[in-house]
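The next block holds one structure in the form of structure tokens; read it before the comments.
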Amino acid sequence: MEIDVFWSFRSPRSYLATKRIREMQEKYELDVNYRPVYPIAIRTEDFFNSVNPLWMGYLLTDVFRVAEYLELPFVWPSPDPVVQFMDEEGKFKTGEDQPYIYRLTKLGVVAANQGKGIEFADEVSKLIWGGTKDWDKGDALAKATLRSGLDLESMDQIVNLDGDNLESQIQGNQEDHQKAGHWGVPTCVYQDEPFFGQDRLDVLLWRLKQAGLKERAS
8 MEIDVFWSFR SPRSYLATKR IREMQEKYEL DVNYRPVYPI AIRTEDFFNS VNPLWMGYLL
68 TDVFRVAEYL ELPFVWPSPD PVVQFMDEEG KFKTGEDQPY IYRLTKLGVV AANQGKGIEF
128 ADEVSKLIWG GTKDWDKGDA LAKATLRSGL DLESMDQIVN LDGDNLESQI QGNQEDHQKA
188 GHWGVPTCVY QDEPFFGQDR LDVLLWRLKQ AGLKERAS
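Position in the sequence shown (first residue = 1) + 7 = the numbering used here.
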């Protein structure tokens with residue numbers, strides 16, 4: 008059995024879901040098709056200026072609360088994977104120079120192509136969201152990549168040499184994400200049925216078991 012997982016490096020809820028999705032793949036006869044997409048700040052730049060003003064406050068309250076409930080370390084990333092700023096009118100703007108998110112997302116596609124997508128997502132999101140300041144400096148990202156069973160240097164070479172193809176795969180992921188019936192991340196999809204959010208993983212597992220999901224032989 009298999010599921011698609013549409014996921015973003017800038018999404019705190021993606022981070023909060025990833026450990027459990029990885030554990031599902033390890034415990035059950037389940038293949039996780041990890042499909043990274045760009046965050047909504049990149050896909051829909053005006054999003055943060057169009058939602059209810061209460062949205063951001065509740066998001067922050069909720070993600071810190073859920074992290075505490077799940078006993079996961081949680082600190083807003085430094086640096087943020089997406090560079091944003093407030094303009095003179097107090098509106099969010101996405102910077103033209105984005106040194107992190109394009110590389111990260113393409114690395115995610117490389118990891119998926121090498122069969123270690125959800126493992127890479129788990130290790131790197133723990134680095135970014137788990138309290139590592141300056142996660143982009145030194146060998147922190149290389150070590151996280153190694154823990155997922157991959158090599159960052161060789162992956163970066165693929166990003167540099169095959170960037171256009173990786174970008175096409177990201178765009179394909181985003182198109183399939185929309186076709187699946189939701190715009191947010193994380194969205195898991197099983198047989199065309201979307202399950203949006205880290206709080207729908209139990210419902211997803213219930214549906215998979217309905218369809219015959221078995222535990223892996225020990």
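Cβ atoms here follow ideal geometry from the backbone N, Cα and C, with glycine treated the same way.
Margin query: As a quick exercise: from L212, G138, K98, pick the residue whose alpha carbon is nearest that of P60.
Written below: K98
Check: Which residues in the same chain as V196 place their Cβ atom closer than 6 angstroms to its Cβ, once the five residues preceding and following it in sequence are excluded?
Finding: D11, A187
Item checked: V90 to V192 span [Cα, whole Å] -> 19 angstroms
Next item on the list: In angstroms with no decimal places, state the Cα-to-Cα distance between A48 and S155.
Entry: 27 angstroms
Margin query: I'd like to know whether the C-beta atoms of Y35 and I108 end up nearer to each other than 9 angstroms.
Written below: Not in contact: Y35 and I108 (Cβ atoms no closer than 9 angstroms).
Margin query: Buried or exposed, going by whether 16 or more other CB atoms sit within 10 Å of the CB of N56?
Written below: exposed
Check: T139 lies in the beta strand (DSSP E); which residues open and close that run?
Finding: From DSSP, T139 is part of no beta strand (DSSP E); its letter is neither H nor E.
Check: Using the beta-carbon count (16 or more within 10 Å), is N172 buried or exposed?
Finding: Within a 10 Å sphere around the beta-carbon of N172 sit fewer than 16 other beta-carbons, which makes this residue exposed.
Item checked: Local conformation of Y107 per DSSP, three classes -> coil
Check: Looking at C-alpha atoms only, which residue of L159, A147, A149, Q105 is the closest neighbour of Q121?
Finding: L159
Check: When you compare each of F202, D206, V116, I135 to D169 by their alpha carbons, which one comes out closest?
Finding: When F202, D206, V116, I135 are compared, the shortest CA-CA separation from D169 is found for V116.
Item checked: DSSP three-state assignment for W14, whether helix, strand or coil -> strand
Next item on the list: Look at the alpha carbon of L67 and the alpha carbon of V58, and state the distance between them as a whole number of angstroms.
Entry: Taking the straight line joining both Cα atoms gives about 15 angstroms.
Item checked: Whole-angstrom C-beta distance between I135 and P84, which should lie under 8 angstroms -> The Cβ separation is near 5 angstroms, so the contact holds.
Item checked: Straight-line gap, K221 to K123 (C-alpha atoms, nearest Å) -> 21 angstroms
Margin query: Determine whether the beta carbon atoms of I165 and I28 lie at a separation below 9 angstroms.
Written below: no
Next item on the list: Look at R20 and V73 and say whether their C-beta atoms are less than 9 angstroms apart.
Entry: yes
Margin query: What does the Cβ neighbour count give for M8, buried or exposed, with the cut at 16 atoms within 10 Å?
Written below: exposed
Check: Can the beta-carbon of T194 be found closer than 9 angstroms to that of G204?
Finding: Going by beta carbons, T194 and G204 fall inside the 9 angstroms limit.
Check: Where DSSP assigns a beta bridge to M93, which residues make up the other side?
Finding: F99, per the DSSP bridge assignment.
Margin query: Given this structure, state the Cα-to-Cα distance separating E103 from D146, to the nearest angstrom.
Written below: Computed Cα separation, rounded: 26 angstroms.
Check: Looking at the C-beta of S15, does it have a partner C-beta in chain B at a distance below 9 angstroms?
Finding: In summary, chain B is missing from the structure at hand, where a single protein chain is found.
Item checked: First and last residue of the uninterrupted beta strand (DSSP E) at F202 -> Note, F202: beta strand (DSSP E), 200 to 203.
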